[in-house]
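Trainee: Have a look at this one.
Numbering (the UniProt record's numbering), first residue to last: 1 to 528.
Put into C-alpha cells, the structure is as follows:
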C-alpha cells in the first residue's frame, strides 16, 4: 500500500487490473440473464402502447375524438393521432419513471441492486392490474404512473447489476442482454396486440393485462439471484460479497485480488463520507457526469422510440390496414431484436465506438430516405393515397433504422454509463442517466404526434440532424472502454485529449489520518 502523507494510492492498495479477465461460467450467464429480463417489462410497455392506441374499442371508450378523425376521409394523414390526452396515455409513464430513477439511486444503497429489481417488479405488477381493469382515463393514467415507478427502479438497477457481475472481457456481451430483452418484450407485446385485436371489446384489456407475464418472470427470478459483490461491500457484507464473487467467477478462480480492489475503492469512497449526488457534481467526475447524462438523452433523438411507440400509428397513417400495421410493427421489432445479437457478438470484439459510427451513417441515410418518400407520396397536405410499393419501402427503411439502433444506441446506452461510473457514484450516475432518458422520452412521446402533424415528412430530417450531432459527439468525447475492468476505468480519462484536464493523473484520494490505520488493518486482514 503506497501512502504519501495522508494521500492513499488506491491502485497500489487494490492491485491493478486494467485489462480485466474472467471466464464466462454457467452461473454468471444464468444470473445475468435473469437480471437482464428486467428489459422485458420495459420492452413490453414500449410495444403494447402503440398497438393499443390503434384498437377501435380502446379509442371508443377513452378517446372517441381520435376515432372520429380516423373515420374522416378528408383528414390529413399526418394529423390523425394529434391528441394531447392520447399521447399522455403513452408518455405519462415517463414522468414517474424519471422521479423514481433518481430515488432508486438512494434506495439501492440500503436494499442493493437485487432489492431494487424486486421492488420495481412488484410496483409494475400493481400498475398492470389497474390498467387492465381501468374504467376511465384517470384510472388508466394512474396505472401508467405506477408502471413508470416500476420501470424507473428496474432500469436503474439492471444495467449496473450486469456491469458489476460480468467479467470485464464479457461485460459488453452480457450487458447487451438487457437491450435484447427489451426487444423481446416489444415483440411479445406486438404479437399479443395482433391476437388481442380480434378478441373484441376486451382486446385492449388483454394486451395491457398481459404485462403481468414479463413482470412476474423478472420479479420471481430476481428473488433467486445473488446481489452484486460491489453492492454487498458497500453495505459492509464482505463475506457475502466473497461468496457472490466466487459464484459468478467459479470456485477455482482466484477472486481475492478483485475483491480486494472493490474493498479498496469502497473504503476510499466511505472515507470521503459525502452523498453520491453531491460527489458526482465535483470537477473530477465531470467526464462521467456529462456522458452519463448525454448518452441516455441522445438515445431518444435517434427517433427509434417514437417509431416503437407509434410504429402501428404511422403505418395506419400511410394507409395500411389495422392488422397490416400490427404485422409491420412485429417485423420491425424482430429486426431490432435480431440486430441486438450483432452487438452481442461485436461489442467486445470491435469496441463501442465503431458500432456508434457505423450506426450513425446508416440511421442518417434511412431517415433522409424516409423523409424523401413521405414528401413524394403524401406531400405536405397529407391527403394523397400512399402506394403499396412506397409502403413496403417505408417498412424496409424503418427496418434499416431499427437494425442500426439495435446494435448501437440501443444496448450501448445502458452499457457505457454503467462502465464509466466509479463505485462511489455509480447508483447516482445511473439514476441521473435514466432520469435524463425518461425526461426526453416523455417530451418526445408527448409532442411527436403534434410534430408529425406540423413538420410532416420533415420530422425524419429533424432526427437525421440529431444523429449527425450525436455521432460527432461520440467521436470527440466518448473514449473506448472495451476490455477495461471497472476498477481501472479511470485510465481512459487520463489519456483523453479533452477529459484529462478534469482528472488527477495519479488518481489519488485524500483521506484523513485516522482512516489510514483502519485501511491498513483491512488490507492486512484480507491478505492473512
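Ideal placement from N, C-alpha and C gives every residue a C-beta, glycine not left out.
(1) Could you tell me the distance, in whole angstroms, from the CA atom of residue 21 to the CA atom of residue 217?
(2) Could you give the DSSP three-state label for residue 265: helix, strand or coil?
(3) Taking residue 35 as the reference, give the member of 57, 460 and 154 with the closest Cα.
(4) Are residue 400 and residue 162 close, meaning C-beta to C-beta below 9 Å?
(5) Less than 9 Å between the C-beta atoms of residue 190 and residue 329, yes or no?
(6) Do residue 342 and residue 172 have their C-beta atoms within less than 9 Å of each other?
(7) Can you tell which of 130, 459, 138 and 40 has the C-alpha that lies nearest to the C-alpha of residue 303?
(8) Provide the residue span of the alpha helix (DSSP H) that contains residue 132, from first to last.
(9) Compute the beta-carbon to beta-carbon distance between residue 436 and residue 296, rounded to the nearest angstrom, for a pair I have assumed lies under 8 Å.
(10) Please report the Cβ distance between residue 389 and residue 104, rounded to the nearest whole angstrom; I am assuming they are in contact, meaning their Cβ atoms lie under 8 Å.
(11) For residue 507, does the three-state DSSP call read helix, strand or coil?
(12) Use the C-beta contact count for residue 506: other C-beta atoms within 10 angstroms, 16 or more gives buried, fewer gives exposed.
(13) Mapping the DSSP letters down to three states, classify residue 403 as helix, strand or coil.
(14) Compute the Euclidean distance between the alpha carbons of residue 108 and residue 428, then round it to the nearest angstrom.
(15) Using the rule of at least 16 other Cβ atoms within 10 Å of the residue's Cβ for burial, across every protein chain shown, is residue 85 buried or exposed?
(16) Residue 256 by DSSP, collapsed to three states: which one?
(17) Taking residue 58 and residue 204 to be in contact with their CB atoms under 8 Å, please state how far apart those CB atoms are, rounded to whole angstroms.
(18) Does DSSP put residue 421 in a helix, in a strand, or in coil?
(19) Taking 9 Å as the cut-off, decide whether the C-beta atoms of residue 565 and residue 253 are in contact.
(20) Give the straight-line distance between the Cα atoms of residue 93 and residue 125, rounded to the nearest whole angstrom.
(21) Using a 10 Å radius around the Cβ and a threshold of 16 neighbouring Cβ atoms, would you call residue 186 buried or exposed?
(22) With a threshold of 6 Å on Cβ separation, who are the neighbours of residue 277 within its own chain once the five nearest residues in sequence on each side are excluded?
(23) Taking the C-alpha atoms as reference points, what is the distance between residue 197 and residue 54?
(24) Should residue 66 go down as buried or exposed, given a rule of 16 or more other Cβ atoms within 10 Å for buried?
(25) Taking only the alpha-carbon atoms, compute the straight-line gap between residue 475 and residue 352 and give it to the nearest angstrom.
(26) Taking the C-alpha atoms as reference points, what is the distance between residue 73 and residue 338?
(27) Would you decide whether residue 479 is buried or exposed? Buried here means 16 or more other CB atoms lie within 10 Å of its CB.
(28) Have a look at 50, 95, 137 and 48 and flag the residue whose alpha-carbon is nearest the alpha-carbon of residue 62.
(29) With distances taken from CA atoms, which of 166, 472, 121 and 228 is nearest residue 147?
(30) Using CA coordinates, which residue listed in 409, 184, 188 and 368 is at the minimum distance from residue 461?
(31) Alpha carbons only, please: which of 448, 299, 248 and 89 is nearest the one belonging to residue 409?
(32) Roughly how many whole angstroms lie between the Cα atoms of residue 176 and residue 376?
Mentor: Quick look at the numbers:
(1) For residue 21, the predicted model reports a pLDDT of 48, less than 50, meaning its position is unreliable; a value from the coordinates is still stated below. Each residue's Cα considered, the two are about 31 Å apart.
(2) helix
(3) 154
(4) Taking 9 Å as the cut-off, the beta carbon of residue 400 is found no closer than this to the beta carbon of residue 162.
(5) yes
(6) no
(7) 459
(8) It spans 93 to 132 - the alpha helix (DSSP H) in which residue 132 sits, taken as one unbroken run.
(9) 5 Å
(10) Residue 389 to residue 104, Cβ: 48 Å. No contact.
(11) Legend: pLDDT at residue 507 = 45, less than 50; position of this residue unreliable, no value from coordinates given.
(12) Below a pLDDT of 50, predicted positions are generally treated as unreliable, and residue 506, at 44, falls in that range; the measurement from the model is reported next regardless. Residue 506 comes out exposed.
(13) Reduced to three states, the DSSP call for residue 403 is helix.
(14) 10 Å
(15) exposed
(16) helix
(17) 4 Å
(18) coil
(19) A query on residue 565 cannot be resolved here, the shown segment of the chain reaching from 1 to 528 and no further.
(20) 14 Å
(21) buried
(22) 428
(23) Cα to Cα, the separation comes out at about 9 Å.
(24) By the Cβ-count criterion, residue 66 is buried, with 16 or more other Cβ atoms from all chains shown falling within 10 Å of its own Cβ.
(25) 11 Å
(26) Low local confidence applies: a pLDDT of 48 at residue 73 is under 50, so the model's placement there is unreliable, and no value is given.
(27) Counting Cβ neighbours within 10 Å, residue 479 comes out buried, since at least 16 surround it.
(28) 137
(29) 121
(30) The shortest C-alpha to C-alpha distance from residue 461 to any of 409, 184, 188 and 368 is the one to 368.
(31) 299
(32) 38 Å
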